[in-house]
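Here is the structure we will look at, set down as structure tokens.
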Amino acid sequence: MTLQLTGIAASDGIAIAKAYSLAEPDLSFEEKTIEDAKAEQARFEEARLEARQEIEKVYESALENVGPEAAAVFDAHLQMIDDPEFNGQITAKIESDKVNAEAALRQVADFFIQTFEAMVDNAYMQERAADVRDVSNRILAKLLGVNIPNAATIDEEAIVIARDLTPSDTAQLNKQYVLGFATDIGGRTSHSAIMARSLEIPAVVGTAKISQSVNDGDIVVIDGLDGEVIVNPTEEELATYREKAAAFEEKRKQWALLKDAETVTKDGQHFELCANIGTPKDVDGALNNGAEGIGLYRTEFLYMDSDEMPTEEAQYESYKKVLEAMGDKAVVIRTMDIGGDKELPYMDLPEEMNPFLGYRAIRIALDQKDLFRTQLRALLRASAHGHLKIMFPMIASLQEFREAKSFLEEVRQELEGEGHEVASDIEVGIMIEIPAAAVLADQFAKEVDFFSIGTNDLIQYTMAADRMNEHVSYLYQPYNPSVLRLIKHVIDSSHKEGKWTGMCGEMAGDQIAAPLLVGMGLDEFSMSASSILRTKALMAELDTKEMAALADKALNEATTADEVVALVKQAVKID
1 MTLQLTGIAA SDGIAIAKAY SLAEPDLSFE EKTIEDAKAE QARFEEARLE ARQEIEKVYE
61 SALENVGPEA AAVFDAHLQM IDDPEFNGQI TAKIESDKVN AEAALRQVAD FFIQTFEAMV
121 DNAYMQERAA DVRDVSNRIL AKLLGVNIPN AATIDEEAIV IARDLTPSDT AQLNKQYVLG
181 FATDIGGRTS HSAIMARSLE IPAVVGTAKI SQSVNDGDIV VIDGLDGEVI VNPTEEELAT
241 YREKAAAFEE KRKQWALLKD AETVTKDGQH FELCANIGTP KDVDGALNNG AEGIGLYRTE
301 FLYMDSDEMP TEEAQYESYK KVLEAMGDKA VVIRTMDIGG DKELPYMDLP EEMNPFLGYR
361 AIRIALDQKD LFRTQLRALL RASAHGHLKI MFPMIASLQE FREAKSFLEE VRQELEGEGH
421 EVASDIEVGI MIEIPAAAVL ADQFAKEVDF FSIGTNDLIQ YTMAADRMNE HVSYLYQPYN
481 PSVLRLIKHV IDSSHKEGKW TGMCGEMAGD QIAAPLLVGM GLDEFSMSAS SILRTKALMA
541 ELDTKEMAAL ADKALNEATT ADEVVALVKQ AVKID
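Per the UniProt record's numbering, the sequence shown starts with residue 1, numbered consecutively.
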């Protein structure tokens, strides 16, 4: 029987294949009293080592498929499975309570999970609960002789179906076999959606019940263009979607022809399309998709992928590699955006009521100047190898920007005094992600060289809605007129002072948003590399005067996000 579900179109394309369910296995067991504690402890240790080997394989698979940025999560899993406190409590419980290894493991793991989950005001520590659950389930499965579904073992074309995809799951997806996926929960900015776009496979998230509606082997169609999932389609439906898939692939071939073309609108206006990257390894994907520059290099992954604070030399080599690879193309490097959900095990950051609004990014940098100095020295030294622009994140006040820029100048003079070559034309800008900075953009524009709008945070801060919270995700509205008005104010403020504005949030690659942003006069669009060619093709169909009139309507006549979407769809043909 055919079933059709609607979700959120998270990654473009259409895929048709058999379903592969990542449903959780049955890990139930009976608690038993044991007599030989040492034998039971040995049994636990054997299962732990087997699980550890499995995690190491997942890590290697992740490095190959999705790179070090995504693979870094398994460092936490390896640390957890080797943690002497965790393992010591389990073996002690086997000895003291004379219970089997399964019971001791479950009791200790539940204690850790409940402790971490109770830290409701610390997102980072709450995420550690997921690490404990993942690791303990792997060990438990080994004790029970149960196989945990493993995406890395898929060796034929398949559509992955799950309630959600964890980092552990997505890291193992091999695009040679995994043609797409669908999940119950998630949104366009969720981890799984971003990974799908990185892998360039179709995905539909937020279907609510796909994991309960599909059996292994069912034929599934993923329509990542319109957010539809069809289970066991009729022959007629299959034919329709095969035609739609072929038409989309033909479009992709046409878009690929634009790789080396300049980004211009129908009336000849140029806009710059750039890529967001997290590591030097991502540069190839950016260039292969026709990026005209790097609009955001997230340097925090240098810190997250290391067991200790990265040295000046290590940072210098990473920045130099990206700058040299991009040649004369501009590279905007954001200074460390750590804190919030990006805590580091080797940094003693305080527990906070709300870490996303707390001690993070530029606030840490200005407080811990030694860390900041190391990064700025590496950046300024690397500037001799390309076209560097430096951007400060999470700026809320002019005082913060002035202090950061003054410190940057101090470091420059220090390096030049040591005889280092430093580029003389480095532009210095800020991320606009806090509404206070957006509102005061007219004053900031007098002092910065550029703005880059970080819409992922700007939208959630403006709407007071956590974009990762499914209960309020309906309020994460990129097209809400209030958000659009803030963006327009930022762009106009920069232009009035002869400066430029870019955008590096997910909204920059959004096909509904792009016509509005063209109409508002956004200068630079930075996005996932896989979105660049499609956006370049769309821009070639747009007339800037017509888009300006469309943006004016959206800003001054529309009252809801839905009304804005309707205006765009009426005015522009979106492929």
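We treat Cβ as the ideally placed atom computed from N, Cα and C, and that holds for glycine.
Neighbourhood of residue i by C-beta, 8 Å cutoff - its chain only, sequence neighbours within 5 removed
i, result
"Asp155", "Tyr177"
"Gly217", "Lys18, Ala19"
"Tyr241", "Ile14, Ile16, Val221, Asp223, Ile230, Pro233"
"Thr2", "Ile230, Val231, Asn232, Pro233, Thr234, Glu237"
"Asn401", "It should be pointed out that residue 401 corresponds to Phe in this sequence rather than to Asn. Excluding residues within five positions, the ones whose Cβ falls inside 8 Å are Phe392, Ile395, Ile430, Phe444, Glu447, Val448."
"Pro280", "Ser318, Lys321, Val322, Ala325"
Cα-Cα separation between residue i and residue j, rounded to whole angstroms
i, j, result
"Ala10", "Gly505", "15 Å"
"Gln269", "Glu352", "47 Å"
"Asp184", "Ala445", "43 Å"
"Asp442", "Thr535", "29 Å"
"Leu434", "Arg381", "It should be noted that the sequence gives Ile, not Leu, for residue 434. Rounded to whole angstroms, Ile434 to Arg381 spans 30 Å at the Cα level."
"Asp457", "Glu228", "28 Å"
"Gly358", "Ala551", "34 Å"
"Leu105", "Leu5", "39 Å"
"Val58", "Asp82", "16 Å"
"Arg485", "Asn556", "9 Å"
"Glu410", "Val422", "13 Å"
"residue 594", "Ala246", "Summary: the structure shown does not reach residue 594, with the chain confined to residues 1 through 575, and so no result is reported for it."
"Asn173", "Ala162", "The amino acid at residue 173 is misidentified as Asn; the sequence shows Leu. Rounded to whole angstroms, Leu173 to Ala162 spans 13 Å at the Cα level."
"Asp328", "Leu273", "15 Å"
"Ile113", "Gly419", "53 Å"
"Ala404", "Gly339", "18 Å"
"Ala540", "Ser482", "28 Å"
"Met347", "Arg128", "16 Å"
"Asp267", "Ala571", "16 Å"
Identity of the residue in the options nearest residue i by Cα
i, options, result
"Val135", "Leu522, Ala286, Ile432, Arg48", "Arg48"
"Ala42", "Gln79, Ile90, Tyr59, Ala76", "Ile90"
"Met463", "Met195, Pro478, Arg334", "Pro478"
"Tyr297", "Val283, Arg485, Phe401", "Val283"
"Gly56", "Gln79, Asp36, Glu40", "Looking at the sequence provided, one finds Glu at residue 56 rather than Gly. Checked all of Gln79, Asp36, Glu40; the closest Cα to Glu56 is Gln79."
"Gly509", "Phe86, Val518, Phe525, Ser494", "Phe525"
"Ile432", "Ala514, Leu398, Tyr476", "Leu398"
"Pro515", "Ala104, Ile459, Thr265, Gln413", "Thr265"
"Tyr316", "Asn174, Ser528, Ser383, Leu371", "Ser383"
"Glu157", "Ala141, Asp97, Ile219", "Ile219"
"Ile491", "Asp466, Ile512, Ile453", "Ile453"
"Gln53", "Ile139, Ala554, Ser473", "Ile139"
"Ala193", "Asp337, Ala239, Leu165, Thr501", "Leu165"
"Met503", "Met527, Asp562, Leu475", "Met527"
"residue 581", "Gly293, Gly417, Ala566", "In this structure the chain extends from 1 to 575, so residue 581 is not present and cannot be described."
"Ser61", "Phe116, Asp110, Thr153, Lys38", "Thr153"
"Ala208", "Asn137, Leu27, His471", "His471"
"Asp337", "Lys369, Phe86, Thr299", "Thr299"
"Ala39", "Ser424, Ile94, Ala438", "Ile94"
Cβ separation of residue i and residue j, assumed to be a contact under 8 Å, to the nearest whole Å
i, j, result
"Leu144", "Phe29", "6 Å"
"Pro149", "Ala23", "7 Å"
"Leu302", "Pro310", "5 Å"
"Val108", "Ile34", "At roughly 16 Å, the Cβ-Cβ gap does not stay under 8 Å, so Val108 and Ile34 are not in contact."
"Ala103", "Glu31", "4 Å"
"Glu292", "Thr263", "7 Å"
Contacting residues, own chain, Cβ-Cβ under 6 Å from residue i (five flanking each side not counted)
i, result
"Trp255", "Leu533, Arg534, Ala537"
"Ala436", "Ala396"
"Ser530", "Arg197, Glu200"
"Thr374", "Glu312"
"Val146", "Pro25"
"Ser493", "Ala441, Asp442, Ala445"
"Met520", "Lys488, Ile491, Ala551"
"Lys499", "Ala445, Phe450"
"Lys175", "Leu199, Ile201"
Residues near residue i in its chain [Cβ-Cβ closer than 7 Å; skip 5 each side]
i, result
"Pro202", "Ser11, Asp12, Gly13, Ile14, Ala15, Gly180, Ile222, Gly224"
"Asp131", "Ala76, His77, Met80"
"Arg188", "Ile8, Ala10, Glu506"
"Ile426", "Ser383, Leu388, Lys389, Ile390"
"Asp226", "Ala9"
"residue 577", "Any question about residue 577 goes unanswered here, given that the chain covers just 1 to 575."
In chain order, which continuous runs of the beta strand (DSSP E) of length 3 or greater are located wholly inside the region 443-498?
450-453
Contained alpha helix (DSSP H) runs [length at least 4] in the region 204-232, N- to C-terminal order
210-213
Starting from the N-terminal side, write out each stretch of the beta strand (DSSP E) that is 3 residues or longer and does not extend beyond the region 98-123.
none
Runs of beta strand (DSSP E) lying entirely within the region 394-443, each at least 3 residues, in chain order:
427-432
If you scan the region 282-370 from start to end, which runs of the alpha helix (DSSP H) of 4 or more residues do you find wholly inside it?
283-288, 300-304, 312-326, 362-367
Taking only runs of the beta strand (DSSP E) that begin and end inside the region 228-273, which ones reach a length of at least 3 residues, in chain order?
228-231
Ignoring anything shorter than 3 residues, give me the beta strand (DSSP E) runs that lie fully in the region 6-69, in order along the chain.
8-11, 14-21
Ordered list of alpha helix (DSSP H) runs contained in the region 497-560, each at least 4 residues
513-520, 532-539, 544-556
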